[in-house]
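Engineer: Chains as they are written, first to last, in our numbering: chain P, 6 to 430; chain D, 6 to 430.
The beta-carbon is built from N, C-alpha and C at its ideal position, and this holds for glycine as well.
In this text the structure is predicted, and so the values were computed from the model without any measurement.
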């Protein structure tokens, strides 16, 4: 599709008619497709099916600990060794938890808010209003967890190489209520962008000027989730913090939810010794320790960094064609049309699409009426409110290739129809 | 050992000399034994080793849901069906969680305290001081979780058939700050007593006169954990609450920690529809849902109530001789001596021993010096403070029978030595 001249009303009207007819025909197909959530497909989950039975009756770790019994609040040594390189941190700074990194993040938010990560005096809630910086578009569940605990969210735009750090630094300098910042540094949800080296360095430096209880929540959810060999790596925030003397200012998170079984994986985190001590103290009040048996299943299945990399290649082989199908549909259907912008992720789970301002809700509505469910417009912004009503998160991992092609045909038609109608005014 | 005449100073002195010599000889054995925690033994854990591999590649539930993926915040239907009879509640009122009922209890405390189980206005913290009734001696981690969240604890004595309900009702009537009550209704930790029918009825009736946000935390941790066929059953608190119209006033908890693998089991709870709706709402902010795969492993292993009962018989066969060894040592060593009192549990994980007032710490110290580790005196009371310094919790599940016999020999000798020295003044 080539560029459109919005002043050529006759052409626009003809186009609208043709697109409306196309849309009606698509509706008549009676589709029921879903591009909403970043869920692994059944084939991806199959890759880890050996988990069940992988222990072969051996329920002990190398030190002889009986993994079936109570104890071990911060996870088994073998799991720490497996996941430390994922977060690019020393093993001694890793804590391995249950099946959900969201839970670890929520717990850290809770401890920061009500109990303090540096003693009771450091509880954020003692200072009244508490704010977090949220690069947008971002992950709705990050926003939800913080809001649930009464934290206010301040949006900062992403640039394609990470958050607008001028804006972040200016906020840190000017707003004393800021106590944290959400980051998804590699294959950010939903833009797919990777924070560049300068951004990582600047984020690590925030701890030098921010409030002493400020914490970066570094959710490296897609740390090893490239599906394109040319995907950029991510600099180690830990090393950058060590260089800046700010390791207390960062909490790192990850999980195998998109490596093994989404709901039955292993979550992990890393933090400074001081932060870990506080987290363990509070965690010990609410937990008998994580499921160490499931941690060992993961160790036996994935083995080490090489085994993990090999495993992720299999995911890449399943994901790459799905993302290619999305991008092909967008390129062929909307390339050069001035009806939207999109990024070309090399990893992660999403394609982030920006409509012309004011059309995201309408596109989502049109698609839903034609049987294609999209993530609600606005979901990628705090409070579900996209100020420009532009961003739509496309999640192609779960449906089949054929379904993605059908769904994208509908999506493109909806974007065109909504855009032309907007141009007509 | 027969009764002692404390006024017969010469005999006491002779006795002290003999006991001190015996104690010195025991010390010389260089024992290193541990009766501290209610951990299942290795043989008990072996009973559930088929869990790993039990799925045989079938990761779907009866409705076809892929258990490997995200979703299902309140657990899988098959697990609800398996655990509902354990708590004596309808399946529709069950929520199945992760590996720790302590976590479920902590979450409910957190929601009650800060978010409200009947809307934000119902958050306990809004009313200032919040108090819980704690039957004593009780479970240290119940006390710890409540204290962590800033809840004050009020002790009420246990009677052998449950809490002193006159005291409980009087507190409910007189103290408007009370918002909850801890209960371990069957084989209470550590006394092993079972709440009788009248007590269950009276607890169910509390909701009629208590504050509307009052909740009984009914931790039925040992619901199916009898090791003696003559053990009394427990009336259904749920049925009693239904009869009283107070189902909103009770939250029930249980787990397979002492059924399958202690650290890798499945926790569950039950509550009214209104309470469950609130719990799910808050839980959804911090969780991607529980490990449904592990839930299904438990369903496949235990199958149903009959399968569970059969499984528990195997635990009973391992536990009964251990408890018999403890009671035999106490009966033979201290029976009729006036040096302590103990209960004869028919299930659960503990024998509760009361020394003469003021001696629990000393006995624990003497035993430790002779290589036998006991739960710290006071641990069974809020803040670790036993007002009479009497109660010692003996946990015989984990050590071998031979080790229990050795440890109890030391224990009895320490009780005698401390008692005689106290009598000497």
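Residue 138 (chain P) and residue 176 (chain P) - do their beta-carbons sit closer together than 7 angstroms?
Structural biologist: Taking 7 angstroms as the Cβ cut-off, residue 176 (chain P) and residue 138 (chain P) qualify as a contacting pair.
Engineer: So which residues on chain D does residue 45 (chain P) lean against when the C-beta distance must stay under 9 angstroms?
Structural biologist: The answer, in chain order, is 73, 74, 75.
Engineer: Are the CB atoms of residue 239 (chain P) and residue 189 (chain P) within a distance shorter than 7 angstroms?
Structural biologist: Not closer than 7 angstroms, so no.
Engineer: Report the residue from D:295, D:164, D:319, D:59 whose alpha carbon sits nearest the alpha carbon of residue 102 (chain P).
Structural biologist: Of D:295, D:164, D:319, D:59, the residue nearest in Cα terms is D:295.
Engineer: Answer with buried or exposed for residue 65 (chain D), where buried requires no fewer than 16 other C-beta atoms within 10 angstroms of its C-beta.
Structural biologist: When all chains shown are included, residue 65 (chain D) counts as exposed.
Engineer: When you check each C-beta in the region 277–290 of chain P against every C-beta of chain D, which residues fall closer than 9 angstroms?
Structural biologist: The residues in question are 287, 289, 290.
Engineer: Below 8 angstroms between beta carbons is the criterion; list the residues of the region 86–104 of chain D that meet it against any residue of chain P, in chain order.
Structural biologist: Listed by position along the chain: 103, 104.
Engineer: Pairs of beta-carbons, one from the region 326–340 of chain D and one from the region 402–420 of chain D, closer than 8 angstroms: are there three or more?
Structural biologist: These segments touch.
Engineer: With 7 angstroms as the threshold, decide whether the Cβ of residue 308 (chain D) is near any Cβ in chain P.
Structural biologist: So, not an interface residue.
Engineer: Return the bridge partner residues of residue 345 (chain P) from the DSSP annotation.
Structural biologist: BP columns for residue 345 (chain P) point to P:360.
Engineer: Between residue 290 (chain P) and residue 173 (chain P), what straight-line distance do the alpha-carbon atoms span, to the nearest angstrom?
Structural biologist: Answer to the nearest angstrom: the Cα atoms are 35 angstroms apart.
Engineer: Do residue 327 (chain D) and residue 208 (chain D) count as a contact pair if the criterion is CB distance below 7 angstroms?
Structural biologist: The answer is no: Cβ separation not under 7 angstroms.
Engineer: Could you tell me the distance, in whole angstroms, from the CA atom of residue 352 (chain D) to the CA atom of residue 74 (chain P)?
Structural biologist: Rounded to whole angstroms, residue 352 (chain D) to residue 74 (chain P) spans 20 angstroms at the Cα level.
Engineer: Straight-line CA distance for residue 169 (chain D) to residue 124 (chain P)?
Structural biologist: Taking the straight line joining both Cα atoms gives about 38 angstroms.
Engineer: Between which residues of its own chain and residue 39 (chain P) is the CB-CB distance below 6 angstroms, once the five residues before and five after are set aside?
Structural biologist: Around residue 39 (chain P): 378.
Engineer: When you compare each of P:292, P:350, P:397 to residue 234 (chain P) by their alpha carbons, which one comes out closest?
Structural biologist: Ranking the options by Cα distance to residue 234 (chain P), first place goes to P:350.
Engineer: Is the separation between the beta-carbon of residue 227 (chain D) and that of residue 191 (chain D) shorter than 7 angstroms?
Structural biologist: Yes, the Cβ-Cβ distance between residue 227 (chain D) and residue 191 (chain D) is below 7 angstroms.
Engineer: Under 7 angstroms between C-beta atoms, does residue 293 (chain P) make it to chain D?
Structural biologist: Cβ-Cβ to chain D under 7 angstroms: yes for residue 293 (chain P).
Engineer: Listing by chain order, which chain P residues have their CB less than 7 angstroms from the CB of residue 145 (chain D)?
Structural biologist: Chain P residues near residue 145 (chain D): none, gap ~11 angstroms exceeds 7 angstroms.
Engineer: Do we get a CB-CB distance below 7 angstroms when we pair residue 70 (chain D) with the residues of chain P?
Structural biologist: It does not; no Cβ of chain P falls within 7 angstroms.
Engineer: Out of D:34, D:186, D:146, which one is the CA nearest neighbour of residue 161 (chain D)?
Structural biologist: It is D:186 whose Cα lies nearest to the Cα of residue 161 (chain D).
Engineer: Chain P beta carbons: is any one of them nearer than 7 angstroms to that of residue 111 (chain D)?
Structural biologist: Taking Cβ atoms only, chain P reaches closer than 7 angstroms to residue 111 (chain D), which makes this a yes.
Engineer: Using a Cβ cut-off of 7 angstroms, pull out every chain P residue sitting near residue 58 (chain D), in sequence order please.
Structural biologist: What residue 58 (chain D) touches in chain P: 57, 58.
Engineer: Under a Cβ-count criterion, where at least 16 other Cβ atoms within 10 Å of its own Cβ denotes burial, should residue 421 (chain D) be classed as buried or exposed?
Structural biologist: Buried: at least 16 other Cβ atoms inside 10 Å.
Engineer: So residue 309 (chain D) packs on residue 87 (chain D), CB below 8 angstroms; how close in whole Å?
Structural biologist: Indeed they touch by this definition, with Cβ atoms about 7 angstroms apart.
Engineer: Could you name the residues of chain P that residue 269 (chain D) contacts, counting a contact when the two beta carbons are closer than 8 angstroms?
Structural biologist: Within chain P, the residues near residue 269 (chain D) are 72, 73, 296, 297, 298, 299.
Engineer: Can you name the residues of chain P whose CB is closer than 8 angstroms to the CB of residue 150 (chain D)?
Structural biologist: Result: 290, 291.
Engineer: For the ligand FAD, any of its heavy atoms closer than 6 angstroms to the Cβ of residue 423 (chain D)?
Structural biologist: With respect to the ligand FAD, the structure shown offers nothing to examine, as it has no ligands at all.
Engineer: Taking residue 129 (chain P) and residue 13 (chain P) to be in contact with their CB atoms under 8 angstroms, please state how far apart those CB atoms are, rounded to whole angstroms.
Structural biologist: Not really, about 56 angstroms apart at Cβ, beyond 8 angstroms.
Engineer: Report the neighbours of residue 108 (chain D) on chain P: residues whose CB is nearer than 7 angstroms to its CB, in chain order.
Structural biologist: Ordered by position in chain P, the residues that pass the 7 angstroms Cβ test against residue 108 (chain D) are 291, 292.
Engineer: For a contact meaning CB atoms closer than 8 angstroms, what does residue 133 (chain P) contact in chain D?
Structural biologist: What residue 133 (chain P) touches in chain D: nothing, since even the nearest Cβ is about 16 angstroms away.
Engineer: For the region 352–363 of chain D against the region 385–400 of chain D, are there 3 or more C-beta pairs whose distance is under 8 angstroms?
Structural biologist: With a cut-off of 8 angstroms, the region 385–400 of chain D and the region 352–363 of chain D count as touching, because enough Cβ pairs lie within range.
Engineer: Mind checking the region 349–372 of chain D against chain P and listing, in chain order, the residues whose C-beta falls within less than 8 angstroms of any C-beta there?
Structural biologist: Hits within the stretch: zero.
Engineer: Look at the alpha carbon of residue 151 (chain D) and the alpha carbon of residue 144 (chain D), and state the distance between them as a whole number of angstroms.
Structural biologist: Cα to Cα, the separation comes out at about 11 angstroms.
Engineer: How is residue 157 (chain P) classed by DSSP in three states: helix, strand or coil?
Structural biologist: Residue 157 (chain P): strand per DSSP, three-state reduction.
Engineer: Establish whether the CB of residue 38 (chain P) and some CB of chain D are separated by less than 7 angstroms.
Structural biologist: Chain D, which has no Cβ nearer than 7 angstroms to the Cβ of residue 38 (chain P), makes this no.
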